Amino acid sequence: MQRIGVFICWCGSNIGGVVDVPAVAREAAKFHGVVYSAEYKYMCSEPGQEMIVSAIKEHRLTGVVVASCSPALHELTFRKNIARAGLNPYMLEMANIREQCSWVHQHEPEKATKKAVDLVRRAVAKARKLEPLFESAIPVTKRALIIGGGIAGIQAALDIADAGNEVVIIEREPTIGGKMVLLDKTFPTLDCSACISTPKMVSAAQHPNIKIYTYAEVEEVKGYIGNFSVTIKQKARSVNSKCTGCGTCWAKCPTKNIPNEFDMGMSTRKAIYIPFPQAVPNRPVIDRERCRQFVKGKCGVCKKFCPTDAIDYEQGDEFVTENVGAILAATGYDLIDWTKIYGEYGYGKYPDVITGLHFERMVNASGPTGGKILRPSDGEQPKTIVFIKCVGSRDEAKAREYCSRACCMYTAKHAHQVLEKIPGSQVVIFYIDVRCAGKAYEEFYLKTLHEGAIYTRGRVSKIYPEGDKLIVKGADTLLGRPVEVVADLVVLATAMIPSAGSADVARTVGFTVDKDGFFQEAHPKLRPVETNTGGVFLAGACQGPKDIPDTVAQASGAAAKIIGLLSHSEIAGEPTISSVNEAICSGCLACQGICPYRAIEPKEIVERLPGKQVTRVVASVNSGLCQGCGACTVACRPGALNLKGFTNEQLLSEVDALCQ
Amino acid sequence: MSIENEAQENWQPNIVGFCCRWCTYAGADLAGISRMNYPPTVRVIRVPCSGRVNPQFIIRALQQGADAVFVSG
Chain A
98 MQRIGVFICW CGSNIGGVVD VPAVAREAAK FHGVVYSAEY KYMCSEPGQE
148 MIVSAIKEHR LTGVVVASCS PALHELTFRK NIARAGLNPY MLEMANIREQ
198 CSWVHQHEPE KATKKAVDLV RRAVAKARKL EPLFESAIPV TKRALIIGGG
248 IAGIQAALDI ADAGNEVVII EREPTIGGKM VLLDKTFPTL DCSACISTPK
298 MVSAAQHPNI KIYTYAEVEE VKGYIGNFSV TIKQKARSVN SKCTGCGTCW
348 AKCPTKNIPN EFDMGMSTRK AIYIPFPQAV PNRPVIDRER CRQFVKGKCG
398 VCKKFCPTDA IDYEQGDEFV TENVGAILAA TGYDLIDWTK IYGEYGYGKY
448 PDVITGLHFE RMVNASGPTG GKILRPSDGE QPKTIVFIKC VGSRDEAKAR
498 EYCSRACCMY TAKHAHQVLE KIPGSQVVIF YIDVRCAGKA YEEFYLKTLH
548 EGAIYTRGRV SKIYPEGDKL IVKGADTLLG RPVEVVADLV VLATAMIPSA
598 GSADVARTVG FTVDKDGFFQ EAHPKLRPVE TNTGGVFLAG ACQGPKDIPD
648 TVAQASGAAA KIIGLLSHSE IAGEPTISSV NEAICSGCLA CQGICPYRAI
698 EPKEIVERLP GKQVTRVVAS VNSGLCQGCG ACTVACRPGA LNLKGFTNEQ
748 LLSEVDALCQ
Chain B
8 MSIENEAQEN WQPNIVGFCC RWCTYAGADL AGISRMNYPP TVRVIRVPCS
58 GRVNPQFIIR ALQQGADAVF VSG
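Chains as they are written, first to last, in this note's numbering: chain A, 98 to 757; chain B, 8 to 80.
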């Protein structure tokens with residue numbers, strides 16, 4: 098039999114100004130199981146908490162109901178409070194008579210008082226059914242896994258490794274570096290992107306605590322916060338660890354003219370290649386779909402010339418398992434394929450309509466044109482360049498609804514670079530809005546404007562070729578008239594979308610994505626670098642379009658969270674999780690399919706029946722994975738599953754108490 | 008429920024709400040913080056997820072006299 102104490106808070110006049118608190122306390126004293134009922138001005142204050150502690154001791158209370166603000170605010174406070182008096186902290190139930198009573202019914206004090214009584218009755222009914230709960234101790238493996246070796250992954254890896262933890266980076270491409278190494282200069286300071294990112298790549302590669310798998314993918318993730326077991330698929334590189342990166346193989350390789358992905362296809366590479374000279378690791382990979390040895394079965398040139406016998410045509414995919422305590426998803430972005438969507442821009446038929454990334458490679462001194470801005474069609478220097486912003490972004494009808502955030506600034510940077518590199522050039526920028534929210538961003542935009550970039554507010558409705566020129570037809574919505582520009586080159590600022598394959602990463606690791614496929618953070622404001630899955634974190638453009646400063650900031654933020662997690666040798670497991678009554682579990686495992694966290698597994702148990710032993714299968718809950726949603730309890734036909742802290746009995750008694 | 012029905016024209020249905028603690032319950036808190044108003048005949052039970060709501064709970068609420076039940080999460 099529970100002995101319940103009820104404590105009603107005035108919260109100054111917040112509750113007391115509407116609800117007749119003494120009347121609620123008098124009513125509460127009559128409820129079944131209540132042996133003590135009191136009210137006080139501020140229950141959460143030191144004297145208020147002391148009042149609860151002494152009442153627990155004096156009246157030998159076994160359960161406590163606090164009627165005050167939302168449990169979201171002070172449940173933890175009062176749990177700690179009753180623990181000080183020697184009660185199990187989970188023997189507390191709160192009645193929310195502020196946010197969900199006095200504050201929403203301030204004009205109806207009588208009805209609000211009646212409702213407060215009902216809410217306290219509900220809380221007492223639940224309190225009568227409460228059971229002590231105990232937090233479990235989950236051991237933590239002090240290692241982190243980072244999926245994606247772009248600037249977000251590298252930054253986080255360095256931060257986590259510098260704090261003394263081991264880090265494993267998995268990168269799908271043959272090199273780490275991601276998109277940042279493709280870029281030329283970065284806004285608003287115009288420092289060279291590769292010059293600031295390649296040293297970080299090298300630092301990561303040389304760090305004693307960092308292990309990098311390139312040309313690798315996550316195959317399977319098992320386990321839970323603190324204890325993940327990750328199977329990594331190391332794709333066959335066909336080049337083993339004896340390689341010194343001397344470059345003889347790609348110099349001798351006879352298979353030429355393969356479009357180089359790193360240069361957006363504007364340069365060529367061999368069948369054995371490194372993506373760019375500063376690649377980390379500096380170890381080539383054989384493109385098996387194009388290599389003559391694999392396609393035709395004979396060639397062997399690279400193997401013949403390799404001075405260290407590093408070429409291995411027989412190499413197969415390998416699977417490696419790494420045990421880690423935390424996972425960071427940093428899979429970055431891709432640009433939307435505008436050629437499938439924008440017929441008015443020519444579906445990609447016109448070679449002189451390019452994307453911002455093409456432009457970045459072209460304007461880059463180490464790029465395919467050696468830093469010269471040239472028309473892809475004839476290699477001539479363009480004089481009039483049109484930039485179109487929001488291609489695929491802010492376009493509900495055809496593509497994505499959201500703003501890609503970085504385009505306003507990089508387009509301003511491109512315009513600046515054109516005006517700087519091509520004397521006498523003309524730049525026309527079509528925009529919807531100019532969004533420059535960032536430190537020194539607005540100043541950069543204004544500088545470009547003063548340099549002579551013509552900003553035209555409006556969308557482009559049509560691009561078509563005329564001779565060797567492109568006619569760009571649009572509208573100037575500020576002047577309210579159509580505009581036609583005869584352009585030599587058109588650059589599209591295309592939308593950022595989640596990188597290809599990111600949905601598979603989310604599914605494999607086990608967390609959710611948002612409506613656009615970006616990874617879903619646990620809370621947009623207060624938990625921006627965590628997912629809803631314990632121990633899994635986010636950084637960079639995989640969570641939403643971002644520029645480099647925001648990406649790096651978020652990566653360091655996620656790293657801080659991971660370092661915090663890894664600083665514990667064990668963490669407390671939430672006790673409000675599902676449990677199985679094995680005696681009545683029929684082993685149907687309907688719960689297994691419904692569990693969104695993959696926390697339920699079959700387990701064999703041995704039972705003794707008269708004269709024999711029987712082995713049968715029952716459901717078993719993994720306490721590290723279970724997030725306490727309780728969906729399994731609803732699916733359970735025999736009623737063998739129950740959720741601690743929200744049991745069927747507790748919820749039914751709450752319903753009964755509210756409907757009296 | 009404890010609130011007696013007033014004259015027919017003032018009748019307010021007694022509503023039991025099952026609200027997910029992460030979203031709708033927090034939303035109900037936000038309604039309070041924003042000092043929005045809704046009828047006092049709405050009473051909320053906090054659940055860890057709308058997936059926790061067994062259809063039996065809804066049936067029981069209706070059997071016990073609730074005029075309506077809403078599940079939100």
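Backbone N, C-alpha and C fix where the C-beta goes; we use that ideal spot for every residue, glycine too. Here the structure is a predicted model, which is why all the values come from computation and not from measurement.
Margin query: To the nearest angstrom, how far is the alpha carbon of A/Arg502 from that of A/Leu546?
Written below: In this structure, the straight-line span from the alpha carbon of A/Arg502 to that of A/Leu546 is close to 19 Å.
Notebook entry, point to check: Cα-Cα, which of A/Ile267, A/Phe359, A/Ala462 and A/Cys198 is closest to A/Phe209?
Noted result: Correcting the residue identity first, residue 209 of chain A is Ala in this sequence and not Phe. For A/Ala209, the closest alpha carbon among the candidates A/Ile267, A/Phe359, A/Ala462 and A/Cys198 is that of A/Cys198.
Check: For the segment 683-694 of chain A against the segment 645-660 of chain A, are there 3 or more C-beta pairs whose distance is under 8 Å?
Finding: No: fewer than three Cβ pairs fall under 8 Å.
Notebook entry, point to check: Is A/Val315 close to chain B, meaning its C-beta is less than 8 Å from at least one C-beta of that chain?
Noted result: With a threshold of 8 Å between beta carbons, A/Val315 makes no contact with chain B.
Next item on the list: Starting from the C-beta of A/Lys393, find all residues in its chain whose C-beta is less than 7 Å away, skip the five residues before and the five after it, and write them out in chain order.
Entry: There are no such residues.
Check: Can we count A/Gly564 as close to the ligand SAM, meaning its CB is less than 7 Å from some heavy atom?
Finding: No copy of the ligand SAM occurs in the structure displayed, which carries no ligand at all.
Check: Given a limit of 7 Å on CB to CB distance, which residues of the segment 19-39 of chain B reach chain A?
Finding: Of all residues in the segment 19-39 of chain B, Val23, Ala33, Ala35, Asp36, Ala38 and Gly39 have a Cβ within less than 7 Å of some Cβ in chain A.
Check: Which chain B residues sit within Cβ distance under 7 Å of A/Ser167?
Finding: Neighbours of A/Ser167 in chain B, taken as residues at a C-beta separation under 7 Å, are given in chain order as Asp36.
Notebook entry, point to check: If you run the structure through DSSP and keep just helix, strand and coil, what is A/Tyr187?
Noted result: If DSSP states are grouped into helix, strand and coil, A/Tyr187 belongs with coil.
Notebook entry, point to check: A/Arg760 versus chain B: which residues are under 8 Å apart at the beta carbon?
Noted result: This structure gives no information on residue 760 of chain A, because the portion of chain A shown stretches from 98 to 757.
Check: DSSP three-state call for A/Pro699: helix, strand or coil?
Finding: In this structure, DSSP gives A/Pro699 an extended state, which the three-state scheme calls strand.
Item checked: Own chain residues within Cβ distance below 8 Å of A/Ile235, not counting five before or after -> Annotation for A/Ile235: Tyr321, Ile322, Gly323, Asn324, Glu667, Ile668, Ala669, Gly670, Ser720 and Gly721 place their beta carbon closer than 8 Å to its own, counting only its chain and skipping 5 residues before and after.
Notebook entry, point to check: Is the distance from the Cβ of A/Leu425 to the Cβ of A/Ile251 below 8 Å?
Noted result: Cβ distance not < 8 Å, so A/Leu425 and A/Ile251 don't count as in contact.
Item checked: Continuous alpha helix (DSSP H) assignments of at least 4 residues falling wholly in the segment 470-539 of chain A -> You should have 504-518.
Notebook entry, point to check: Counting Cβ pairs closer than 8 Å, one from the segment 473-488 of chain A and one from the segment 574-589 of chain A, do we hit at least three?
Noted result: With the cut-off at 8 Å, the segment 473-488 of chain A and the segment 574-589 of chain A touch.
Next item on the list: Starting from the C-beta of B/Ser9, find all residues in its chain whose C-beta is less than 7 Å away, skip the five residues before and the five after it, and write them out in chain order.
Entry: Residue placement at B/Ser9 is flagged as unreliable, the pLDDT there being 49, under the threshold of 50; the coordinate-derived value follows with that caveat. Within the same chain, B/Ser9 has no close Cβ partners at all.
Check: Mind pulling the beta strand (DSSP E) runs of 3 or more residues that sit fully within the segment 282-359 of chain A?
Finding: For the segment 282-359 of chain A, whole beta strand (DSSP E) runs of length 3 or above, ordered along the chain, are 307-310, 313-321 and 324-331.
Margin query: Within 10 Å of its beta-carbon, does A/Ala537 have 16 or more other beta-carbons around it, so buried, or fewer, so exposed?
Written below: Per the 10 Å Cβ criterion, exposed.
Notebook entry, point to check: Mapping DSSP to helix, strand and coil, what is A/Gln689?
Noted result: Residue state for A/Gln689 is assigned as helix, using DSSP reduced to three classes.
Next item on the list: If I'm right that A/Asn420 touches A/Ser326 with Cβ under 8 Å, what's the distance once you round it to whole angstroms?
Entry: Contact flag correct, Cβ pair sits at about 5 Å.
Check: Who pairs with A/Glu667 in a beta bridge, going by DSSP?
Finding: A/Glu667 is bridged by DSSP to A/Pro236.
Checklist line | Spatial distance of A/Gln710 from A/Pro699 (CA atoms) | finding: Taking the straight line joining both Cα atoms gives about 19 Å.
Notebook entry, point to check: Taking C-beta to C-beta, are A/Leu755 and B/Val76 nearer than 8 Å?
Noted result: Cβ distance not < 8 Å, so A/Leu755 and B/Val76 don't count as in contact.
Notebook entry, point to check: Is the CB of A/Asp117 under 8 Å away from at least one CB in chain B?
Noted result: Not an interface residue.
Check: From which residue to which residue does the beta strand (DSSP E) around A/Gly713 run?
Finding: Looking at the sequence shown, residue 713 of chain A is not Gly but Arg. Per DSSP, A/Arg713 is one residue of the beta strand (DSSP E) stretching across Lys709 to Val718.
Notebook entry, point to check: Any Cβ of chain B within less than 8 Å of the Cβ of A/Trp200?
Noted result: Contact of A/Trp200 with chain B is assigned, a C-beta pair being separated by under 8 Å.
Checklist line | DSSP-derived helix/strand/coil call for A/Ser151 | finding: The answer is helix: DSSP assigns A/Ser151 an H, G or I state.
Note to self: For a test of the three-state rule: what should DSSP assign to A/Ser599, helix, strand or coil?
What the structure shows: Residue state, collapsed to three classes: helix.
Check: Going along chain A, which residues have a C-beta under 8 Å from B/Cys61?
Finding: Per the sequence shown, the amino acid found at residue 61 of chain B is Asn instead of Cys. Within chain A, the residues Thr730, Val731, Asn745 and Leu748 have their CB atoms less than 8 Å from the CB of B/Asn61, given in chain order.
Checklist line | Burial state of B/Asn44 (16 or more Cβ within 10 Å) | finding: Exposed: under 16 other Cβ atoms inside 10 Å.
Notebook entry, point to check: For the candidate residues A/Cys396, A/Leu287, A/Tyr310 and A/Pro296, whose alpha-carbon lies nearest to that of A/Ile266?
Noted result: Ranking A/Cys396, A/Leu287, A/Tyr310 and A/Pro296 by CA distance to the CA of A/Ile266 puts A/Tyr310 first.
Notebook entry, point to check: B/Cys26 by DSSP, collapsed to three states: which one?
Noted result: Judged by DSSP in its simplified three-state form, B/Cys26 adopts strand.
Note to self: Let me make sure I understand the geometry here. Which of A/Glu746, A/Asn678, A/Ile659 and A/Met188 has the alpha-carbon closest to that of A/Gly261?
What the structure shows: Distance check between A/Gly261 and each of A/Glu746, A/Asn678, A/Ile659 and A/Met188 places A/Ile659 closest, using alpha-carbon atoms only.
Check: Between the Cα of B/Asn17 and the Cα atoms of B/Gly72, B/Arg50 and B/Pro46, which residue gives the shortest distance?
Finding: Cα-wise, what sits closest to B/Asn17 is B/Pro46.
Checklist line | Length of the line joining the Cα atoms of A/Val557 and A/Cys505 | finding: Spanning the two alpha carbons is a distance of roughly 16 Å.
Check: What does B/Ala73 touch in chain A if you count any residue whose Cβ is under 9 Å from its own?
Finding: Neighbours of B/Ala73 on chain A, chain order: Val752, Leu755 and Cys756.
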